[in-house]
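> My questions will all concern the structure given below.
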Amino acid sequence: MSQQIEQSQADQADQADRTESYDPAAVEPKWQQVWAGLDPFRADDDVVRRGEREKRYALTMFPYPSGDLHMGHAEVFALHDVIARYWRFRGYEVLNPMGWDSFGLPAENAAIRNDEHPATYTYANIETQIASMQNYGLSFDWSRRLHTSDPEYYRWTQWLFLRLREQGLAYRKNSPVNWCPQDQTVLANEQVLADGTCERCGAEVTKRELTQWYFRTTAYAQELHDRLDDLQATWIGKVVNAQRNWIGRSEGAHVRFDVDVEGAEPLTVFTTRPDTLWGATFMVVAADAGLAGELVSDGQRQALEDYRAQVAKASDIDRLATDRPKTGVPLGVTATNPVTGEAIEVWASDYVLADYGTGAIMAVPAHDQRDLDFARAMGLPVRRVVDTGAEDPAESGVATTGDGVYVDSGPLDGLRDKTEGVRRAIELLEAEGRGTGTGTVNFRLRDWLLSRQRYWGAPIPIIHCPVDGEVAVPDDQLPVELPELRGADLKPKGTSPLGAATEWVEVDCPTCGGPARRDTDTMDTFVDSSWYFFRYLSPHDDTQAFDPALATAWGPIDLYIGGDEHAVLHLLYARFFTKALRDMGLIDWDEPFSAYLSQGKVINNGRKMSKSLGNGVNLGAQLEEFGVDAVRLTLVFASPPEDNIDWADMSPAGSLRFLQRAWRLSGDVTSEPGTDPAGGDVALRRVTHRTVADAETLVEGHRFNVMVARTMELVNATRKVIDSGAGGADPSVREAVEAVAMLLSMVAPYVAEEMWERLGHAPSVAQAAWPTVDPALLVEESVTAVVQVQGKVKARLEVSPAVTAAELEALALADPAVVAAVDGREVRKVIVREPKLVSVVV
Numbered sequence: 014m015s016q017q018i019e020q021s022q023a024d025q026a027d028q029a030d031r032t033e034s035y036d037p038a039a040v041e042p043k044w045q046q047v048w049a050g051l052d053p054f055r056a057d058d059d060v061v062r063r064g065e066r067e068k069r070y071a072l073t074m075f076p077y078p079s080g081d082l083h084m085g086h087a088e089v090f091a092l093h094d095v096i097a098r099y100w101r102f103r104g105y106e107v108l109n110p111m112g113w114d115s116f117g118l119p120a121e122n123a124a125i126r127n128d129e130h131p132a133t134y135t136y137a138n139i140e141t142q143i144a145s146m147q148n149y150g151l152s153f154d155w156s157r158r159l160h161t162s163d164p165e166y167y168r169w170t171q172w173l174f175l176r177l178r179e180q181g182l183a184y185r186k187n188s189p190v191n192w193c194p195q196d197q198t199v200l201a202n203e204q205v206l207a208d209g210t211c212e213r214c215g216a217e218v219t220k221r222e223l224t225q226w227y228f229r230t231t232a233y234a235q236e237l238h239d240r241l242d243d244l245q246a247t248w249i250g251k252v253v254n255a256q257r258n259w260i261g262r263s264e265g266a267h268v269r270f271d272v273d274v275e276g277a278e279p280l281t282v283f284t285t286r287p288d289t290l291w292g293a294t295f296m297v298v299a300a301d302a303g304l305a306g307e308l309v310s311d312g313q314r315q316a317l318e319d320y321r322a323q324v325a326k327a328s329d330i331d332r333l334a335t336d337r338p339k340t341g342v343p344l345g346v347t348a349t350n351p352v353t354g355e356a357i358e359v360w361a362s363d364y365v366l367a368d369y370g371t372g373a374i375m376a377v378p379a380h381d382q383r384d385l386d387f388a389r390a391m392g393l394p395v396r397r398v399v400d401t402g403a404e405d406p407a408e409s410g411v412a413t414t415g416d417g418v419y420v421d422s423g424p425l426d427g428l429r430d431k432t433e434g435v436r437r438a439i440e441l442l443e444a445e446g447r448g449t450g451t452g453t454v455n456f457r458l459r460d461w462l463l464s465r466q467r468y469w470g471a472p473i474p475i476i477h478c479p480v481d482g483e484v485a486v487p488d489d490q491l492p493v494e495l496p497e498l499r500g501a502d503l504k505p506k507g508t509s510p511l512g513a514a515t516e517w518v519e520v521d522c523p524t525c526g527g528p529a530r531r532d533t534d535t536m537d538t539f540v541d542s543s544w545y546f547f548r549y550l551s552p553h554d555d556t557q558a559f560d561p562a563l564a565t566a567w568g569p570i571d572l573y574i575g576g577d578e579h580a581v582l583h584l585l586y587a588r589f590f591t592k593a594l595r596d597m598g599l600i601d602w603d604e605p606f607s608a609y610l611s612q613g614k615v616i617n618n619g620r621k622m623s624k625s626l627g628n629g630v631n632l633g634a635q636l637e638e639f640g641v642d643a644v645r646l647t648l649v650f651a652s653p654p655e656d657n658i659d660w661a662d663m664s665p666a667g668s669l670r671f672l673q674r675a676w677r678l679s680g681d682v683t684s685e686p687g688t689d690p691a692g693g694d695v696a697l698r699r700v701t702h703r704t705v706a707d708a709e710t711l712v713e714g715h716r717f718n719v720m721v722a723r724t725m726e727l728v729n730a731t732r733k734v735i736d737s738g739a740g741g742a743d744p745s746v747r748e749a750v751e752a753v754a755m756l757l758s759m760v761a762p763y764v765a766e767e768m769w770e771r772l773g774h775a776p777s778v779a780q781a782a783w784p785t786v787d788p789a790l791l792v793e794e795s796v797t798a799v800v801q802v803q804g805k806v807k808a809r810l811e812v813s814p815a816v817t818a819a820e821l822e823a824l825a826l827a828d829p830a831v832v833a834a835v836d837g838r839e840v841r842k843v844i845v846r847e848p849k850l851v852s853v854v855v
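Just so you know, we're using the numbering used here here: the sequence shown kicks off at 14 and counts up by one.
As structure tokens, then:
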């Protein structure tokens with residue numbers, strides 16, 4: 014792409030007047046002052062409420078203030094700004110806010126290192142980023158700025174927590190949890206990487222038994238799953254699939270197995286394949302489930318405890334890996350297969366999870382690879398019950414999962430239809446009281462663990478009273494503000510550092526007035542980012558979290574732009590919050606983000622930018638050398654938004670040269686503003702109107718790089734007319750240059766403002782109306798029709814776009830080159846695709 018930029022400039026570089034040049038360093042401060050005075054990007058709530066203009070809510074994932082902006086920020090903000098500015102051009106009232114996700118571990122760890130308060134680090138970085146964003150020419154509505162670490166914000170995070178608790182969607186329980194030994198805090202399942210390490214620090218995650226707060230995301234599991242079908246058309250496919258896999262919906266039946274433990278209830282398992290019960294040769298219970306401890310024989314109890322200590326070191330994702338060696342211990346008990354009457358061994362293993370299904374499975378090793386791997390490792394029997402034609406898994410070591418003929422399956426023998434097999438198996442189980450129901454649904458999704466044993470987060474607004482138990486902090490006492498701890502007091506100790514703040518912790522119970530203690534955990538920062546887009550609607554309202562009327566007027570978000578690293582975490586949590594708020598009657602949307610655009614990454618020399626690799630690119634240095642517009646143009650033009658950009662292949666210098674050429678056009682225009690372009694160069698007018706028309710389709714289709722390419726072509730066409738002798742007086746030149754300025758405004762706002770001013774218009778170009786396209790100028794006067802004979806091109810004909818098939822066939826067969834190619838042979842067939850193709854077969 015960079016070579017294309019340079020070539021398009023070089024084609025006519027000699028014709029450009031090089032005595033003038035555009036100076037980014039002089040221009041950028043000037044327009045920052047103008048924009049600050051005009052405030053052209055402030056959204057008007059009343060205009061939307063009154064229905065005077067159609068709304069558009071443009072949202073980009075708000076950044077964490079870990080330092081100055083980097084190349085990744087530069088890319089996503091440049092892409093986002095194209096959309097926001099385009100929507101304004103098209104006459105929409107645009108809400109385009111910005112804020113900071115300012116709680117979290119990086120600030121706290123920096124505070125510990127520097128023996129300071131996390132707020133010092135956080136707010137200094139925010140101010141740095143604001144200055145950089147304003148320098149970057151972004152069209153944010155700064156009146157709606159927010160920070161999640163402000164008490165004015167987390168007051169409402171706490172208020173929402175209490176409302177969710179009232180709805181039964183927030184609760185506290187004891188269970189095995191993911192524990193990061195380095196950051197000394199629990200992690201949600203979604204925050205553990207596939208290799209079993211912490212997504213923040215990379216430490217190996219272990220398991221601990223703790224009492225923690227959860228959000229009941231599973232209450233919406235079915236809807237979270239079903240609504241993905243609606244989002245498939247407007248979200249990137251891999252993000253939808255990631256959520257669908259994480260939710261993990263499956264249908265099947267519950268089956269009961271009697272166990273030889275005195276007084277024990279039957280062991281219930283969930284299975285999607287009750288038709289394979291005849292092949293169940295053992296059972297597996299999650300090693301860390303309470304059920305394992307209830308079933309284990311006295312002789313195996315110590316072996317189970319030793320094994321549990323080993324299991325605690327593995328993450329759930331690691332445990333579910335298919336290529337992981339299988340381990341386990343027998344519980345010393347058996348269960349009865351309900352369809353064969355056979356006594357089968359019960360084992361404990363880590364490849365079954367305690368909170369998936371019932372925490373126990375029936376193992377059918379011939380037809381499930383993990384069960385087969387376990388059976389082979391432990392010397393357990395393997396029995397094939399579906400003959401797919403493949404080698405017997407007992408011999409091959411490869412489980413068969415396809416359809417086939419039921420064998421060794423009692424009443425199912427000889428059947429070939431899996432659906433019928435499942436139905437008959439369920440009927441048999443229900444008739445004998447050994448199972449329940451067709452259509453039983455299970456989900457892999459588990460509730461969201463939100464407690465964190467760290468300081469820099471929103472305190473959980475609960476008071477623990479020895480008399481009244483868990484007591485909500487009254488709404489009029491919110492926010493529960495963090496006490497003033499500093500670096501040395503924040504060091505992780507395995508429990509929250511807030512526990513040491515005695516004066517803060519020890520309070521009177523709001524219910525009985527007796528001595529009580531505050532909850533010392535804080536909330537996961539993903540709680541803050543699950544509702545921030547609602548707070549943008551009413552960022553200064555101290556009476557409510559957000560105005561429901563404004564939520565109705567502005568919502569849902571029309572386009573959300575961000576990285577697909579949040580495919581499960583943030584996006585799933587935001588969807589949960591939206592559905593919960595809807596059911597509380599606060600909003601009337603079902604989904605928060607109508608469309609989602611995921612941008613690629615900026616890499617360097619084929620690799621992710623890293624200090625350790627020495628391939629980092631300093632954004633500030635690039636901006637200083639080439640100017641904001643050149644960097645923005647380079648990032649937008651480089652590729653489609655979803656593709657990665659290798660900065661080593663980019664040419665911001667080439668982008669700057671192109672911008673210089675575009676800027677010079679505005680100095681060549683000599684006609685007055687408002688001049689009727691009708692009498693100008695018709696060919697240039699056609700290019701201008703076609704470019705504007707194409708830009709509409711391209712921007713709405715997120716093909717921003719192609720829109721830039723079309724703008725470059727228009728610059729070349731305009732320069733050609735000027736240099737051909739018409740000069741800048743031709744009114745078609747003014748029309749073309751004004752269109753260039755508006756198109757560039759979406760990508761290179763400083764150059765565009767300079768051009769607009771030089772063209773005699775008042776600022777800002779961003780407030781101009783989108784050019785009206787004349788349909789007559791989009792109609793081509795002629796098109797080139799290609800004529801093939803026996804598949805080889807023999808002629809090209811200039812014809813009317815309205816030419817009929819019969820007319821085009823006659824012209825083609827009469828063309829001398831075609832006549833020569835046919836050479837008197839019989840024409841067997843003529844295929845016409847008017848107006849552009851004729852294929853002659855002889």
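Heads up, the beta-carbon is just placed ideally off N, CA and C, and yes, glycines get one too.
Give me the Cβ distance between residue 751 and residue 772, rounded to the nearest whole Å; I'm assuming they're in contact under 8 Å.
Walking along the sequence shown from the start, residue 751 turns up at place 738. Walking along the sequence shown from the start, residue 772 turns up at place 759. Indeed they touch by this definition, with Cβ atoms about 6 Å apart.
> Less than 8 Å between the C-beta atoms of residue 154 and residue 56, yes or no?
As a working mapping, residue 154 is identified with position 141 in the sequence shown. As a working mapping, residue 56 is identified with position 43 in the sequence shown. At a Cβ-Cβ threshold of 8 Å, residue 154 and residue 56 count as neighbours.
> Under three-state DSSP, which class holds residue 670?
Residue numbering aside, residue 670 sits at position 657 when the sequence shown is read from its first letter. It is helical.
> Give the straight-line distance between the Cα atoms of residue 520 and residue 481, rounded to the nearest whole angstrom.
Locating residue 520 in the sequence shown gives position 507, counting from the first residue. Locating residue 481 in the sequence shown gives position 468, counting from the first residue. Approximately 14 Å, taken between the alpha carbons.
> What are the boundary residues of the beta strand (DSSP E) that residue 226 is part of?
Stepping through the sequence shown from its first residue, residue 226 is reached at position 213. First-last of the beta strand (DSSP E) with residue 226: 219 to 228.
> Please work out which residues of its chain come closer than 7 Å, Cβ to Cβ, to residue 166, disregarding the five sequence neighbours upstream and downstream, and give them in chain order.
Here residue 166 refers to the residue found at position 153 when the sequence shown is read from its first residue. Excluding residues within five positions, the ones whose Cβ falls inside 7 Å are 159, 160, 548.
> Taking a contact to mean a Cβ-Cβ separation below 8 Å, would you say residue 747 touches residue 688 in this structure?
Position 734 of the sequence shown, counting from 1, holds the residue named residue 747. Position 675 of the sequence shown, counting from 1, holds the residue named residue 688. Yes.
> Taking the Cβ atom as the reference point for each residue, do residue 68 and residue 35 lie within a distance shorter than 8 Å?
Stepping through the sequence shown from its first residue, residue 68 is reached at position 55. Stepping through the sequence shown from its first residue, residue 35 is reached at position 22. Not a contact, by the Cβ cut-off of 8 Å.
> Does the Cβ-Cβ distance between residue 225 and residue 205 come in under 8 Å?
Indexing the sequence shown from 1 puts residue 225 at position 212. Indexing the sequence shown from 1 puts residue 205 at position 192. No, these two residues do not count as a Cβ contact at 8 Å.
> Strictly by DSSP, which residues pair up with residue 79?
Taking the sequence shown and counting its residues from 1, one reaches residue 79 at position 66. The partner list for residue 79 (beta bridge, DSSP) is empty, contrary to what the question assumes.
> Please classify residue 171 as buried or exposed, where buried requires at least 16 other C-beta atoms within 10 Å of its C-beta.
As a working note, residue 171 is residue 158 in the sequence shown. Counting Cβ neighbours within 10 Å, residue 171 comes out buried, since at least 16 surround it.
> Where does residue 856 land, buried or exposed, given buried means 16+ other C-beta within 10 angstroms?
In the structure as shown, the chain begins at 14 and stops at 855. Residue 856 is therefore absent and cannot be evaluated.
> Please state the DSSP three-state secondary structure of residue 188.
Indexing the sequence shown from 1 puts residue 188 at position 175. It is a strand residue.
> Residue 546 by DSSP, collapsed to three states: which one?
Here residue 546 refers to the residue found at position 533 of the sequence shown. Three-state result, residue 546: helix.
> Taking residue 230 and residue 589 to be in contact with their CB atoms under 8 Å, please state how far apart those CB atoms are, rounded to whole angstroms.
By one-based count along the sequence shown, residue 230 stands at place 217. By one-based count along the sequence shown, residue 589 stands at place 576. Between residue 589 and residue 230 the Cβ distance is about 5 Å, and since that is below 8 Å, they are a contact.
> Comparing C-alpha positions only, which one of 835, 360, 596 sits nearest to residue 804?
Numbered from its first residue, the sequence shown carries residue 804 at position 791. Ranking the options by Cα distance to residue 804, first place goes to 835.
> Any idea if residue 459 is buried or exposed, counting beta-carbon neighbours within 10 angstroms, 16 or more meaning buried?
Walking along the sequence shown from the start, residue 459 turns up at place 446. Buried.
> Between the C-alpha atoms of residue 264 and residue 339, what's the straight-line distance to the nearest angstrom?
For the purposes of this step, residue 264 is taken as residue 251 along the sequence shown, with counting starting at 1. For the purposes of this step, residue 339 is taken as residue 326 along the sequence shown, with counting starting at 1. CA-to-CA, the gap between residue 264 and residue 339 works out to about 26 Å.
> Based on DSSP bridge pairs, tell me the residues matched to residue 483.
To locate residue 483, count along the sequence shown from 1; it is residue 470. According to DSSP, residue 483 bridges with 477.
> In the structure shown, what three-state DSSP assignment does residue 533 receive?
Working through the sequence shown from its first residue, we reach residue 533 at position 520. Looking at residue 533 - three-state DSSP - the assignment turns out to be coil, as it is neither helix nor strand.
> Using DSSP bridges, identify the partner residues of residue 656.
Position 643 of the sequence shown holds residue 656. For residue 656, which the question treats as bridged, DSSP gives no partner whatsoever.
> Any idea what DSSP makes of residue 838, helix, strand or coil?
What you label residue 838 is simply residue 825 of the sequence shown in a count that begins at 1. Coil at residue 838, not helix or strand.
> With a 10 Å radius around its C-beta and 16 neighbouring C-beta atoms as the bar for buried, classify residue 43 as buried or exposed.
Position 30 of the sequence shown, counted from the first residue, corresponds to residue 43. With fewer than 16 Cβ atoms within 10 Å of its Cβ, residue 43 is classed as exposed.
> Could you say which of 246, 258, 216 lies nearest to residue 867 if we only look at CA atoms?
This structure cannot settle anything about residue 867, because the visible part of the chain is limited to 14 through 855.
> Quick one: what's got a C-beta closer than 8 Å to residue 189's C-beta in the same chain, skipping five residues either side?
One-based indexing of the sequence shown puts residue 189 at position 176. Only 220, 221, 222, 301, 325, 367 meet the Cβ criterion.
> Of the choices 838, 837, 854, whose alpha-carbon is the least far from that of residue 844?
One-based indexing of the sequence shown puts residue 844 at position 831. Measuring from the Cα of residue 844, the nearest candidate turns out to be 854.
> Counting Cβ pairs closer than 8 Å, one from the region 554 to 561 and one from the region 429 to 439, do we hit at least three?
no
> Starting from residue 46 and walking both ways along the alpha helix (DSSP H), at which residues does that stretch end?
On the sequence shown, residue 46 is found 33 positions in, with the first residue counted as 1. Counting along the chain, the alpha helix (DSSP H) containing residue 46 begins and ends at 37 to 51.
> Distance check for residue 455 and residue 474, CA to CA, integer angstroms please.
Numbered from its first residue, the sequence shown carries residue 474 at position 461. Numbered from its first residue, the sequence shown carries residue 455 at position 442. Cα to Cα, residue 474 sits roughly 32 Å from residue 455.
> Report the three-state DSSP secondary structure of residue 206 (helix, strand or coil).
Sequence index remark: in the sequence shown, residue 206 carries index 193 (1-based). Residue 206 carries a coil assignment under DSSP once its states are collapsed to helix, strand and coil.
> In the DSSP assignment, find the unbroken alpha helix (DSSP H) run with residue 181 in it and report its ends.
Walking along the sequence shown from the start, residue 181 turns up at place 168. Premise fails: residue 181 is in no alpha helix (DSSP H) and is neither H nor E.
> Give a yes or no on whether the C-beta atoms belonging to residue 646 and residue 668 are separated by under 8 Å.
The residue you call residue 646 lines up with position 633 of the sequence shown. The residue you call residue 668 lines up with position 655 of the sequence shown. Yes, the pair counts as a contact, with Cβ atoms nearer than the cut-off.
> Determine the closest residue to residue 670 out of 749, 196, 725, with distance taken between C-alpha atoms.
Numbered from 1 along the sequence shown, position 657 holds the residue referred to as residue 670. For the options 749, 196, 725, the alpha carbon positioned closest to that of residue 670 is the one of 725.
> Ordered along the chain, which non-local residues of its own chain (more than five positions away) have a Cβ less than 6 Å from that of residue 523?
Residue numbering aside, residue 523 sits at position 510 when the sequence shown is read from its first letter. When the five nearest sequence neighbours on each side are left out, the beta carbons in the same chain lying within less than 6 Å of the beta carbon of residue 523 are those of 484, 487, in order along the chain.
> For residue 851 versus residue 800, is the C-beta distance shorter than 8 Å?
Looking up residue 851 in the sequence shown gives position 838. Looking up residue 800 in the sequence shown gives position 787. Going by C-beta atoms, residue 851 is nearer than 8 Å to residue 800.
> Does the structure place the region 349 to 368 close enough to the region 288 to 302 that three or more beta carbon pairs sit under 8 Å?
yes
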